[in-house]
Structure formats: C-alpha cells, structure tokens
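**Student:** Position 68 (the sequence shown) corresponds to 67 in numbering that gives the first Met the number 0; numbering is contiguous.
Backbone N, C-alpha and C define an ideal beta-carbon position, used for all residues, glycine too.
Since we're looking at a predicted model, the values are computed, not measured.
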Amino acid sequence: MEIFRAPRVTLIARPEFIEPEHLRVQWQGPASAGERLAEFAGRICYMSQNNPANRSTAEYLENIKKQGHGSVLEHAVYVLLIEGISRSCSHELVRHRAGFGYSQLSQRYVDESHAAFVLPPALLGDAPLEAEWEKEVTEAQAAYVRAVEALMQRYAWITDKVHRRKVAREAARSVLPNATEVKIVVSANARAWRTMLELRTSEGAELEIRRMAIACLRVLQREASALFSDFEIYVADDKQDAARVAFHKV
Ligand SMILES: Cc1cc2nc3c(=O)[nH]c(=O)nc-3n(C[C@H](O)[C@H](O)[C@H](O)COP(=O)(O)OP(=O)(O)OC[C@H]3O[C@@H](n4cnc5c(N)ncnc54)[C@H](O)[C@@H]3O)c2cc1C
C-alpha cells in the first residue's frame, strides 16, 4: 500500500502574456509573464505605460499589494496539480470558491482497491501510532473491496458494466477513510491563491492543509515571486512550517 507522507505539488499551467504593440510598457527588471500581465493591467488603469517612477515589475507589484489594488492580480492564473492529499484535506480546499476551479479524482468512477493513503502529519514519526493507523486503513480498504464485490453481485442485473461498477463503487466508497489519497487540479488567479494561502498557511489551519498550502506557496513563489514574495515561511512553535503575509487579503 502506498502511503503519502507529504503532498506533491506540480505547476501545470501559467499565464502567457502577449504585449500589444500599440501599448508597450517601459519594463524594468526581470519578470515572468504572469507578473508582467498583472503590471500591464495595473498600468492600464492610469495609462502609465511610460513607467514614470521607473519601477521594476517587482517594485510595481509590491506597491499594488500595499495599496490593496487586488483586482489587478486576478488576471494571472496558475494551475497546480496537487497529489498526496487526503479526501478531508481536499474537502477543506474546495471551500475556497472565489476565483478557483477544481477537477478532482472521482471515487464513483475510479477503483479505490489500490488507493494510496495520506498519513496525518500529527502521526509522523510515532512508530506505534503509525502502525495502528496503517492497520486501520488496510482494514478499511479490505472492507471496500468486499463491498464492491458484493454490490457487483447484487446489481448483476445492470447490463452496462461501467454503470454497474459505478453503482458498486459509489456505495462502497462510504467505508473508505478520510485519509484516502486524492488528486486534484486546482486553477486560481493570484488574488484567490493569496487569500487561500493566507488562511491555510497560518498556524490556526489544520496541519495537513497547512502543509499542502506551504507546498503550494513554495511553487508559486518560485514561479512568480513578485506576486507572492510578501509571504514569509517560518517554523512555528509546533515545529511545522507556517507563513505570515505582509499585505492582507484585498
Ligand atoms: C482555520 C479554519 C477553520 C475552519 N473551520 C470551519 C468549520 O469548522 N466549518 C466550516 O464549515 N468551515 C470551516 N472553515 C472554512 C471557512 O468557513 C471558509 O469556507 C473557507 O475558509 C473559505 O473561505 P471563504 O469563504 O472566505 O473563501 P472564498 O469562497 O474563496 O471567498 C473569498 C472571499 O470572497 C468573498 N465572498 C465569497 N463568496 C461570497 C458570498 N457568497 N457573498 C459575499 N462575499 C463572498 C468573501 O470576501 C470571501 O472571504 C474553516 C477555515 C479555516 C481557515
């Protein structure tokens, strides 16, 4: 059985910026397409393409965040593939609605007989607790397999095999634990990512989603530092990573 001890976060899409020839900006400093797109959108508001303050993109976006001009950040959309999170973690994640889009592995269609499970961070490194947990999820998975087999018999009259499997799996999944691993594609604009990250990287967040949010933050900071550089990652008193943000939700 595969057990995840950390999430896997992969950037799978980023903005492409096509600068209009008739409204060229006097760019300063290096920047990614998403950062330039946000700067371009901000400069349209004041028609300041000539960059009168001679700001680099990083300086310009720092000021945007400071001023709370968050709508400018909505143009830059980043798509992450998140794997190795539990069903309970994804349930918390999908509560973030504004500016987000999701596609999550379906337990109705996918056979979970060989599903992976996510060890809760609070158990990590405690051998007896880990062993007990592993025993429990193994038993739950065996119960799932038995339920699918029994339900396939019970609904043998359904001639369409795909439909019959769906009927069996959608009922049998009820015995799978919250720890069952899911894979989810998450699209969000930079403003929406910032709002979610502020809530979920904080010390008050549940440990697994906090760990996932920190992993997302690291990917996004690498990709577009000017949009996420005001998040500071630190080790909290509970010895887990957390983050604080300089410019709050706007
Ligand atoms: C530490 C923590 C504990 C939590 N505990 C629980 C819990 O026990 N039970 C529970 O059910 N949930 C819980 N949640 C989830 C929480 O209630 C929110 O659903 C989640 O944080 C998403 O926040 P949001 O609604 O602001 O996000 P989004 O839906 O992404 O919204 C972002 C922002 O857009 C605006 N907005 C969005 N929709 C509307 C609307 N319909 N009307 C007006 N403005 C809108 C608001 O300004 C909102 O802050 C918890 C969250 C955290 C971080």
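#1: With a threshold of 7 Å on Cβ separation, who are the neighbours of Ala-121 within its own chain once the five nearest residues in sequence on each side are excluded?
#2: Could you pull the DSSP bridge partners for Ser-85 from this structure?
#3: Please name the residue, chosen from Glu-197, Arg-4, Ala-32, that lies closest to Glu-222 on a Cα-to-Cα basis.
#4: Leu-175 and Tyr-143: beta carbons closer than 8 Å?
#5: Output the distance between the C-alpha atoms of Ala-130 and Leu-36, rounded to the nearest integer angstrom.
#6: Could you check how far apart the C-beta atoms of Asn-255 and His-74 are, in whole angstroms? I think they sit under 8 Å.
#7: Identify which residue in Arg-42, Ala-57, Ala-40, His-21 has its Cα closest to the Cα of Pro-29.
#8: Could you check if Gln-152 is buried or exposed, using at least 16 other CB atoms within 10 Å of its CB as the buried criterion?
#9: Whole angstroms are fine: how far does the CA of Ala-171 sit from the CA of Trp-132?
#10: May I ask whether a heavy atom of ligand 1 can be found less than 7 Å away from the beta carbon of Phe-99?
#11: Cβ of Thr-194 versus every heavy atom of ligand 1: is any distance shorter than 7 Å?
#12: In this structure, does DSSP put Val-117 in helix, strand or coil?
#13: Please say whether Tyr-59 and Trp-192 have beta carbons closer to each other than 8 Å?
#14: Does DSSP put Arg-94 in a helix, in a strand, or in coil?
#15: Could you give the distance in angstroms between the alpha-carbon of Ser-224 and the alpha-carbon of Val-218?
#16: Can you have a look at Arg-96 and say buried or exposed, based on whether 16 or more other CB atoms are within 10 angstroms of its CB?
#17: Does Leu-118 pass the burial test, meaning 16 or more other C-beta atoms within 10 Å, or should it be called exposed?
#18: Let me check you understand the geometry: is the CB of Leu-79 closer than 7 Å to at least one non-hydrogen atom of ligand 1?
#19: Which runs of the alpha helix (DSSP H) at least 4 residues long sit entirely within the stretch 135-203? Give them in chain order.
#20: Where does Pro-19 land, buried or exposed, given buried means 16+ other C-beta within 10 angstroms?
**Tutor:** For this structure:
#1: One-based indexing of the sequence shown puts residue 121 at position 122. Hits under 7 Å: Leu-206.
#2: Taking the first residue of the sequence shown as 1, we reach residue 85 at position 86. According to DSSP, which records beta bridges pairwise, Ser-85 is partnered with Glu-180.
#3: If you number the sequence shown from 1, residue 222 lands on position 223. When each option's Cα is compared against that of Glu-222, the closest is Ala-32.
#4: In the sequence shown, the residue the question calls residue 175 occupies position 176. In the sequence shown, the residue the question calls residue 143 occupies position 144. The answer is yes: Cβ separation under 8 Å.
#5: Translated into the one-based positions of the sequence shown, residue 130 becomes position 131. Translated into the one-based positions of the sequence shown, residue 36 becomes position 37. Each residue's Cα considered, the two are about 50 Å apart.
#6: Here the chain comprises residues numbered 0 to 249, so residue 255 is not present and cannot be evaluated.
#7: As a first step, residue 29 must be located in the sequence shown, where it is residue number 30. It is Ala-57 whose Cα lies nearest to the Cα of Pro-29.
#8: Against the sequence shown, residue 152 aligns to sequence position 153. Classification for Gln-152: exposed.
#9: As a first step, residue 132 is located in the sequence shown; it is residue number 133 there, counting from the start. As a first step, residue 171 is located in the sequence shown; it is residue number 172 there, counting from the start. Rounded to whole angstroms, Trp-132 to Ala-171 spans 20 Å at the Cα level.
#10: Position 100 of the sequence shown, counted from the first residue, corresponds to residue 99. Yes.
#11: Taking the sequence shown and counting its residues from 1, the one referred to as residue 194 is at position 195. Yes, the Cβ of Thr-194 comes within 7 Å of a heavy atom of ligand 1.
#12: As a working note, residue 117 is residue 118 in the sequence shown. The answer is strand: DSSP assigns Val-117 an E or B state.
#13: In the sequence shown, residue 192 corresponds to position 193, counting from 1. In the sequence shown, residue 59 corresponds to position 60, counting from 1. Contact flag unset, no.
#14: Residue mapping note: residue 94 aligns to position 95 of the sequence shown, counting from 1. It is coil, neither helix nor strand.
#15: Walking along the sequence shown from the start, residue 224 turns up at place 225. Walking along the sequence shown from the start, residue 218 turns up at place 219. Using only the alpha carbons, I get a separation of about 10 Å.
#16: As a working note, residue 96 is residue 97 in the sequence shown. Label assigned to Arg-96: exposed.
#17: On the sequence shown, position 119 is the one that residue 118 refers to. Counting Cβ neighbours within 10 Å, Leu-118 comes out buried, since at least 16 surround it.
#18: As a position in the sequence shown, residue 79 is number 80, starting the count at 1. Every heavy atom of ligand 1 is 7 Å or more from the Cβ of Leu-79, so no.
#19: List check, alpha helix (DSSP H) in window: 160-171, 189-199.
#20: Along the sequence shown, read from residue 1 onward, the residue named residue 19 stands at position 20. Answer is exposed; the Cβ neighbour count stays below 16.
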